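**Student:**
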Amino acid sequence: MAKVLKFKDVNSDVEHRMKEFEKIRIKFKADVKKAEAKKATAGKEGKGLLKSISEFFADTPKTPKAPAQPNTKK
95 MAKVLKFKDV
105 NSDVEHRMKE
115 FEKIRIKFKA
125 DVKKAEAKKA
135 TAGKEGKGLL
145 KSISEFFADT
155 PKTPKAPAQP
165 NTKK
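Structure below.
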């Protein structure tokens, strides 16, 4: 025999599934934001080992440094 579901039971099940879906959706959004932040951070450091070493040993620095001011006490 087929089981007859009451409207109250069906409505309760739908509400429960909607709450579960909302929890999953919020978790997924948080995971996506974390992944984007991680990707943005990784993009800044993505030079490569060989290029980093060659820049380290280069004779001329890319950014000019300000001259150091001597500490004079009066």
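The sequence shown lines up with residues 95 to 168 when you count with the numbering used here. Cβ coordinates follow ideal geometry from the N, Cα and C atoms, glycine included. Here the structure is a predicted model, which means the values were calculated and not measured.
Could you tell me the distance, in whole angstroms, from the CA atom of Arg111 to the CA atom of Val126?
**Tutor:** Working through the sequence shown from its first residue, we reach residue 111 at position 17. Working through the sequence shown from its first residue, we reach residue 126 at position 32. Cα to Cα, the separation comes out at about 22 Å.
**Student:** Which ranges would you report for the beta strand (DSSP E) in the region 98–150 if only whole runs of at least 3 residues count?
**Tutor:** Those beta strand (DSSP E) runs which fall completely within the region 98–150 and span 3+ residues do not exist here.
**Student:** Which same chain residues, not among the five before or five after Ala124, have their C-beta less than 8 Å away from its C-beta?
**Tutor:** As a working mapping, residue 124 is identified with position 30 in the sequence shown. Taken in chain order, the list of residues that qualify is empty.
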